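Q: My numbering runs 41 ahead of the 1-based position in the sequence shown. Quick reminder that beta carbons are idealized off the backbone N, C-alpha and C, glycines included. For clarity, every value in this text was computed on a predicted model and none was experimentally measured.
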Amino acid sequence: MAEQRPMAGNRMAGPAAHRPAPVALTPKEAYSILRQHILLIITLTILGFIIAGGTWFLLRRYRPKYTAQTFIRVLPPVEKDPMTFVPTMVNRDVQYGYRLSIANLIKQQSTLQALIKRDNIRETQWFRRFARYDPNDKIMNVNQCILKAFKDLKKRFSAFAHRDAEFVVLSMTCNNAQEAADIVNEMATLFLTSQGSTKRAEISAKLTKLEQRKNSVQSELVLAEKGMAEVRTRFEITDIETPSNRYILHTFEYLLNDLEIQKSRLVPLLEQARADMENYKELAVGPITEQVEDLIERDPTVIMLTQQLHLLEARRAGLLTKLGENHRVVRNIQEQINETRQRRQLRRGEIADQTRKANYENAQDRLIVLQNGYDELERMRLEAEKQKEDLDNARIQYDQRVAVRDERKQTLEEIKAQIVRYQIIHDDPETPKVQKVGNALAPLEVSSPRWEFYFPVGTILGFICGIGLALALELLNELVRTPRDVARFLQIPLLSVVPDAAEDEQVRDIDLCHVVHQAPYSIISESYRRCLTNIKLSGSADSVKTLLISSGAAGEGKTSVAVNLAATFVAENKKVLLIDANFRRPSLQTIFSKTEVQDEQVRQSEFGLSSLLMGLCSYEDAKRSNVLEGLDIIDAGPLPSNPAELLGSYRMEQLIKDRRKNYDYIIVDGPPVLLVSDAKVLAKIVDSTVLVLNAGSTRRGAALRTIHELRAIDAPIVGCVLFAVRVLKGGYFHEQFRSYLEYQKLQLARSI
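This is the structure:
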């Protein structure tokens with residue numbers, strides 16, 4: 042089993058590793074794209090200017106257009122009252138809306154068709170170009186001709202309503218100046234004539250309706266007056282029209298009010314009589330009151346008996362002292378006294394009974410009289426109330442008919458006034474509300490084409506096309522050309538960007554695989570040193586010791602990256618083993634020619650990685666030592682029949698495991714990932730993989746598939762190297778090249 046190796050620390054894992062980056066352009070990126078294609082934009086802008094100028098010249102020479110105009114004055118939309126002298130003020134928005142409606146009436150289909158049917162229009166060259174004539178000069182394609190003329194007229198003729206002025210502008214554009222003026226004048230005449238007759242016809246129709254309405258109102262007025270007479274007859278009230286208010290009352294109302302007053306006065310008396318009768322009824326059986334006692338004392342008989350009683354008592358008292366109580370005379374006087382007392386008592390009772398009975402009977406008679414008076418008063422009040430109710434109903438019905446009569450009278454007067462006003466308006470010359478200001482004259486200047494329109498528009502369109510084409514070229518380009526593309530679409534770490542050899546003057550005569558060794562101060566060498574630094578920073582010292590250098594397809598520069606990266610490690614005094622694992626297209630034996638090695642190694646020229654893995658030679662036989670100081674190489678060797686099985690064998694794993702102890706770094710130049718499966722086998726053995734993306738040939742889809750293939754087997758990816766990047770105007774490397782060259786010159790000058 043292969044030993045467990047730590048993976049690269051910056052490898053993306055999980056769903057986020059497959060999530061596509063947003064494609065939106067930032068303003069800075071858009072500006073950079075425009076700078077890159079500035080020549081294209083300028084060229085298309087100039088081309089647009091030239092095309093616009095040529096179009097303007099040809100149209101002006103061979104197809105000029107003339108526009109004739111005339112004005113129609115539109116009066117305020119209100120109907121002026123001929124009976125008053127005060128001018129009517131109309132809101133400006135209302136006037137503009139009326140002018141706009143007039144303009145729409147002029148442009149409507151019926152008006153345009155009526156214009157086409159006029160003889161003066163059919164004689165123009167504008168109309169004749171739509172028609173085909175027979176030998177008798179008659180139109181053969183009438184319907185088709187009218188349809189074509191209508192469509193062209195609808196496009197060339199316009200009616201514009203001024204916002205602030207009281208005019209509607211009529212204009213016609215065609216190739217003949219005089220015909221344009223004739224068509225406009227014919228339309229103005231046609232519309233004014235039709236509008237005048239239409240308006241007068243509308244007024245005549247209104248007059249007819251008003252006459253009919255007047256007759257109807259007069260009939261309703263007669264019916265209302267008949268209804269008033271019918272109310273007076275039915276209720277037999279002649280003074281029904283007498284006004285009724287708090288100061289003037291009808292006879293029925295006076296009578297009802299008087300009866301109400303009498304009733305209000307009689308009710309307390311009636312209640313008092315009932316109370317008196319009940320009181321006297323109680324007194325008739327009760328004790329004698331003081332009033333009755335007073336009547337008894339004033340009775341002559343009672344007075345006489347009282348006096349007799351006093352005399353007898355005085356006489357008895359005188360005799361009693363002389364004769365004694367038992368004397369016959371005294372006893373007679375005593376009997377007289379008792380008899381007198383009895384007679385007086387009987388008289389008192391008789392007088393009391395008569396008095397109380399008389400009082401009760403008097404109260405009862407008074408109650409009967411008052412009750413009879415109340416009943417009669419109530420009967421009269423109810424009768425008066427019924428008369429008042431009839432009066433109110435009569436007044437309501439009468440007032441309703443009076444209101445109808447008055448309303449019909451007012452309506453009749455208004456209708457008569459309207460009839461008089463419309464008759465005056467019908468005869469008024471300003472009735473159509475539109476007036477022709479003057480005839481259109483043949484225009485002296487060409488209305489189209491106008492250079493002030495064509496030249497700016499052509500220039501702007503050319504400029505816009507240039508920008509659009511530049512953005513389209515950039516957005517439709519699927520190559521991975523810049524670090525921005527790597528960040529946006531691939532989302533893997535970018536270890537370094539290697540410029541194209543044509544951009545660096547120091548490497549123009551040098552093999553790309555020997556740039557670091559032969560041109561150490563070039564910017565390409567600096568790019569490989571930056572890649573080395575980023576690899577070191579991607580993990581611990583032992584986490585990335587074996588690297589697979591691969592790409593999606595062949596010819597993308599992975600061998601150059603592998604060799605130069607190995608040379609960069611060697612330049613830092615690291616011991617490096619470089620293995621060529623691309624059995625199908627080996628490169629190291631060509632890059633490092635075997636004629637340059639020592640003579641004792643010539644006999645081993647046929648050995649390589651395939652020989653070592655098949656057990657045909659030892660490690661020392663397959664290795665070429667010190668090709669560079671500190672760099673050993675194992676060539677690919679002969680092409681085996683089963684490359685993937687060899688690379689995934691235990692011997693390959695053991696080779697990597699054993700050599701980790703003797704070398705600081707092991708770099709494997711592997712085959713393309715998308716072409717053969719060998720690379721995926723190697724990716725599971727090494728610590729991490731470095732992908733090489735060629736800016737001139739690697740497409741985004743291929744790069745994404747390469748990353749997906751490696752992640753599908755859980756192979757660690759330390760990052761990618763963007764190879765052969767060209768300098769873009771206003772883009773990546775432009776300022777970096779200049780700054781690096783200036784910095785390098787200053788460093789070389791100080792070293793000297």
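Please list the segments of the beta strand (DSSP E) lying wholly inside the region 660-715, counting only runs of 3 or more residues, in order along the chain.
A: 664-669, 672-675, 706-710
Q: Do residue 456 and residue 225 come within 8 Å of each other at the CB atom, strictly closer than that value?
A: no
Q: How far does the alpha helix (DSSP H) with residue 136 in it extend, from its first residue to its last?
A: 133-148 is the extent of the alpha helix (DSSP H) around residue 136.
Q: Are there 16 or more other CB atoms within 10 angstroms of the CB of residue 591, so buried, or fewer, so exposed?
A: The residue in question, residue 591, is buried, as its Cβ has 16 or more Cβ neighbours within 10 Å.
Q: Quick check on DSSP: helix, strand or coil for residue 522?
A: coil
Q: Please classify residue 225: does DSSP put it in a helix, a strand, or coil?
A: helix
Q: Can you tell me whether residue 406 is buried or exposed? The criterion is at least 16 other CB atoms within 10 Å of its CB, across all chains shown.
A: exposed
Q: Starting from residue 113, follow the beta strand (DSSP E) in both directions and report where the run begins and ends.
A: 107-115
Q: Three-state secondary structure (DSSP) at residue 658?
A: DSSP, read as helix, strand or coil, puts residue 658 in coil.
Q: Which whole-angstrom value is the C-beta distance of residue 710 and residue 600, which I expect to be below 8 Å?
A: 5 Å
Q: Please state whether the Cβ-Cβ distance between residue 712 and residue 724 is less than 8 Å.
A: No, they are not a contact pair.
Q: Can you tell me where the alpha helix (DSSP H) holding residue 363 begins and where it ends?
A: First-last of the alpha helix (DSSP H) with residue 363: 341-364.
Q: What are the boundary residues of the beta strand (DSSP E) that includes residue 199?
A: 198-202
Q: In the DSSP assignment, the alpha helix (DSSP H) including residue 488 goes from what residue to what residue?
A: Neither: residue 488 is in no alpha helix (DSSP H) and is coded neither H nor E.
Q: Which same chain residues end up closer than 8 Å to residue 165 when comparing Cβ atoms and leaving out the 5 residues on each side of it in sequence?
A: 217, 220, 223, 224
Q: Taking only the alpha-carbon atoms, compute the straight-line gap between residue 717 and residue 565 and give it to the nearest angstrom.
A: 30 Å
Q: Check the DSSP bridge columns for residue 211 and list the partner residues they point to.
A: 111, 200
Q: Is it buried or exposed for residue 486, if we count other Cβ within 10 angstroms and need 16 for buried?
A: exposed
Q: Is it right to say residue 369 is buried, meaning 16 or more other beta carbons lie within 10 angstroms of its own, or is it exposed?
A: With fewer than 16 Cβ atoms within 10 Å of its Cβ, residue 369 is classed as exposed.
Q: In its own chain, which residues sit with a C-beta less than 7 Å from the C-beta of residue 347, not counting the 5 before and 5 after it?
A: For residue 347, where only same-chain residues beyond five positions count, the Cβ hits under 7 Å are 385.
Q: Should residue 363 go down as buried or exposed, given a rule of 16 or more other Cβ atoms within 10 Å for buried?
A: exposed
Q: Given that a residue counts as buried once 16 or more other Cβ atoms are within 10 Å of its Cβ, and exposed if not, what is residue 260?
A: exposed
Q: Buried or exposed: residue 181, going by 16 or more other Cβ atoms within 10 Å of its Cβ?
A: exposed
Q: I need the boundaries of the alpha helix (DSSP H) containing residue 92, first residue and last residue.
A: For residue 92, the enclosing alpha helix (DSSP H) stretches over residues 79-103.
Q: Below 8 Å on the Cβ atoms is my contact criterion, and I expect residue 418 with residue 303 to pass it. Report the Cβ-Cβ distance as a whole number of Å.
A: Yes, residue 418 and residue 303 are in contact; Cβ-Cβ is about 6 Å, under 8 Å.
Q: Okay, do the region 143-162 and the region 495-514 touch, 3+ Cβ pairs below 8 Å being the bar?
A: By the criterion of at least three beta-carbon pairs nearer than 8 Å, the region 143-162 is not in contact with the region 495-514.
Q: By a C-beta neighbour count over all protein chains shown, 10 Å radius and 16 as the cutoff for buried, is residue 643 buried or exposed?
A: Below a pLDDT of 50, predicted positions are generally treated as unreliable, and residue 643, at 49, falls in that range; the measurement from the model is reported next regardless. Residue 643 is exposed by the Cβ-count criterion.
Q: Any chance the region 154-169 sits against the region 103-117, with 3 or more Cβ pairs inside 8 Å?
A: no
Q: Please classify residue 618: does DSSP put it in a helix, a strand, or coil?
A: strand
Q: Just reading off the alpha helix (DSSP H) that residue 758 is part of, what are its end residues?
A: No alpha helix (DSSP H) contains residue 758, which is instead part of the beta strand (DSSP E) from 758-766.
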